[in-house]
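**Student:** According to full-length UniProt numbering, the sequence shown is numbered sequentially starting from 1.
Heads up, the beta-carbon is just placed ideally off N, CA and C, and yes, glycines get one too.
Because the structure is a prediction, the values reported are computed rather than measured.
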Amino acid sequence: METSNSSFILAYFILLLVIQQVESAWINHDVYLKCLQSQNSNSISKVAYTPKNSSFSSILLSSEQNLRPASTAPLKPTLILTPFHESHIQAAIYCAKKQGIQIRVRSGGHDYEGLSYTSPSKHPFVIVDLRNFSSISIDTESSTAWIQGGATLGELYHKIAEKSKTLAFAAGVCPTVGVGGHFSGGGYGMMSRKFGLAVDHIIDAKIIDVNGRILDRQSMGEDLFWAIRGGGGGTFGIIIAWKVELLPVPEIITVFNLTKTLDQNATQLLHKWQYIADKIDPNLLIRPRITNVNSSQNGKITLQATFNSLFLGGVDELLSVMNRSFPELSLVKEDCTEMSWIESILFFAGFATSESVDVLLSRIPLGIAYFKGKSDFVKQPISENGLEAIWKRMLEEVDGLVEMEFSPYGGRLSEISEYATPFPHRAGNIYMLHYGAVWGSSSESEEKLTWIRRLYSYMASYVSSSPREAYVNYRDLDLGENNDGNHPSYKVASIWGTKYFKNNFERLVHIKTEVDPSDFFRNEQSIPPFSS
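And the structure:
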């Protein structure tokens, strides 16, 4: 009987503690909302959502593509703000500082670790969701565009195509990715060998800093302008707009997706590809992707390589280039399709090119699943024996989708100095590697994470070292994190910082110290000031 009473009392006190925590959360919601209203009466209540609002959960999950981060996050945001005006963002910053609450900024919601809308720590936070900052202005005479920070790549591509058949922009293939996060980390795409990264074509920006000031390139200074073009999001302020130079493309380009299985010499073809990937005509980008599939012969799991390719020119010129540089692929005219640049955007996003380009305006994620990604950079070709050993480890995982994507370097991408922007991965790389694992249930997470971490560990001898480089847009908290919600130290942050930014990390820390010395804008992998 005494044991029963003790259990009841313990359960009662646990329930009481939970109720107190919930009541405290409600108070935080209300206090923060009242602060916003006191700072800005311009309809801010209409764009502020607390857990009391019926639409809170739908807004929180509206751009969620990766279910993994939210499934393990200990807290939901105190409030979600979907601002229409700069003054709304200024109020959000002021009140977050006053309340001691962190800010997470969401553009498209594609952060690999969910840091734009979750927090692995237990520190209260609010989300500033820029979905309403999505206007795009195209000037075809100057070949420039102003793009607000909440626009998606699909919206940008759609707007460019409305205005011109011979202007484009070099960025990623997924149309629902937000420009804010994509530009902040670099921005690799199917025209990167010809034009470089998205950050290589940013010529101005507008940012709201820790003091609520709205700064452009001239007023922010060249150091901060340098830092926001590849130094990672969520560190220096809230970027509300970017100005970019648009790029000339021919009216007709050519694409192909050629698939080869292991039985069709995929290994030998990929081995050969490594020797031409960064040296071939810069108008051509060939991006192999290795995935697991069921064999058509015996139903067993095997691997196939898909050579995804874009050529800035007609099919006859492409075939001439391929016959000179990569005849082993045996590409023929029937494998290729000529189309416009905007049709290639549909093609690489997985849409039929006959579909209306208006599909690019949708912000609904193209796929929702549990996902983990990692990255590497390769400077020396991997031997055939080495590739076969890698395939063996990929075939250990038979359930769910696993992939390795090989993104080639060379051309303009390798010509730009590693110090021109914070993105340092330039000359000397043959290709960038992306590892991915996709699964359907949280119960599988531990198994899948163990598998991809084991593969990543095995790859160490084939990739860059000292540091082992990584791409910040393929964010990976396995590289290190500040997971207690407090200010990261320089020593701790340098663990992941040098992998993402190499020698540029030091300059980023100096700039952070100048513009945000109190480290207000921070997350689990943000750049720290020296004082923290």
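Using CA coordinates, which residue listed in 363, 361, 367 and 338 is at the minimum distance from residue 353?
**Tutor:** Selected option, being the one with the closest Cα: 338.
**Student:** Going by Cα to Cα distance, which pick from 57, 359 and 286 is closest to residue 331?
**Tutor:** 286
**Student:** With a CB to CB cut of under 6 Å and the five nearest residues on each side skipped, what residues in its chain are close to residue 50?
**Tutor:** 29 and 79
**Student:** Whole angstroms are fine: how far does the CA of residue 194 sit from the CA of residue 412?
**Tutor:** 6 Å
**Student:** So, residue 402 versus residue 369, is the Cβ gap smaller than 7 Å?
**Tutor:** no
**Student:** Does the beta-carbon distance from residue 246 to residue 171 come in below 7 Å?
**Tutor:** Using a Cβ distance threshold of 7 Å, residue 246 and residue 171 do not count as a contacting pair.
**Student:** According to DSSP, simplified to helix, strand and coil, what is residue 418?
**Tutor:** coil
**Student:** Nearest CA to the CA of residue 134: which residue from 350, 362, 69 and 38?
**Tutor:** Nearest C-alpha to residue 134: 362.
**Student:** How big is the Cα-Cα spacing for residue 269 and residue 240?
**Tutor:** 44 Å
**Student:** Taking 6 Å as the limit between beta carbons, can you name the residues of its chain near residue 12, skipping five residues before and five after?
**Tutor:** Bear in mind that the predicted position of residue 12 carries a pLDDT of just 39, short of 50, making it unreliable; the figure below should be weighed with that in mind. Around residue 12: no qualifying Cβ.
**Student:** Assign residue 510 to one of three DSSP states: helix, strand, or coil.
**Tutor:** helix
**Student:** Can you tell which of 307, 199, 205 and 449 has its C-alpha closest to the C-alpha of residue 218?
**Tutor:** 205
**Student:** Ignoring anything shorter than 4 residues or poking outside the stretch 144-171, list the alpha helix (DSSP H) runs there in chain order.
**Tutor:** Complete alpha helix (DSSP H) runs here, min 4: 153-163.
**Student:** DSSP three-state label for residue 284, please.
**Tutor:** Here residue 284 sits in strand by DSSP.
**Student:** Taking C-alpha atoms, which residue in 53, 70 and 43 lies nearest to residue 85?
**Tutor:** 43
**Student:** Of the choices 456, 243 and 495, whose alpha-carbon is the least far from that of residue 207?
**Tutor:** 243
**Student:** Are the beta-carbon atoms of residue 82 and residue 47 separated by less than 7 Å?
**Tutor:** yes
**Student:** What residue does the beta strand (DSSP E) around residue 304 start on, and which one ends it?
**Tutor:** 301-311
**Student:** Could you check whether the stretch 311-327 touches the stretch 247-256, counting it as contact only if at least three pairs of C-beta atoms, one from each stretch, sit closer than 8 Å?
**Tutor:** yes
**Student:** For the alpha helix (DSSP H) holding residue 97, just list the boundary residues, first then last.
**Tutor:** 86-99
**Student:** What residues in its chain sit with their C-beta under 7 Å from that of residue 214, if we drop five residues either side in the sequence?
**Tutor:** 86, 206 and 208
**Student:** What does the alpha-carbon distance come out to for the pair residue 516 and residue 494?
**Tutor:** Spanning the alpha carbons of residue 516 and residue 494 requires a straight line of approximately 18 Å.
**Student:** Hey, could you find the ends of the beta strand (DSSP E) residue 257 is sitting in?
**Tutor:** 253-261
**Student:** Would you say residue 178 and residue 232 are within 7 Å of each other, going by their C-beta atoms?
**Tutor:** no
**Student:** What residue does the beta strand (DSSP E) around residue 434 start on, and which one ends it?
**Tutor:** 431-439
**Student:** Expressed to the nearest angstrom, what Euclidean distance is found between the alpha-carbon atoms of residue 16 and residue 180?
**Tutor:** Note that residue 16 has pLDDT 37, beneath the 50 cutoff, so the model's placement of it is unreliable and the number below is only indicative. One C-alpha to the other measures close to 42 Å.
**Student:** Are the CB atoms of residue 407 and residue 431 within a distance shorter than 7 Å?
**Tutor:** yes
**Student:** Cβ atoms of residue 234 and residue 473: under 7 Å apart, would you say?
**Tutor:** Cβ distance not < 7 Å, so residue 473 and residue 234 don't count as in contact.
**Student:** Could you name the residues of the same chain whose beta carbon sits closer than 8 Å to that of residue 460, not counting the 5 residues immediately before and after it, in chain order?
**Tutor:** 468
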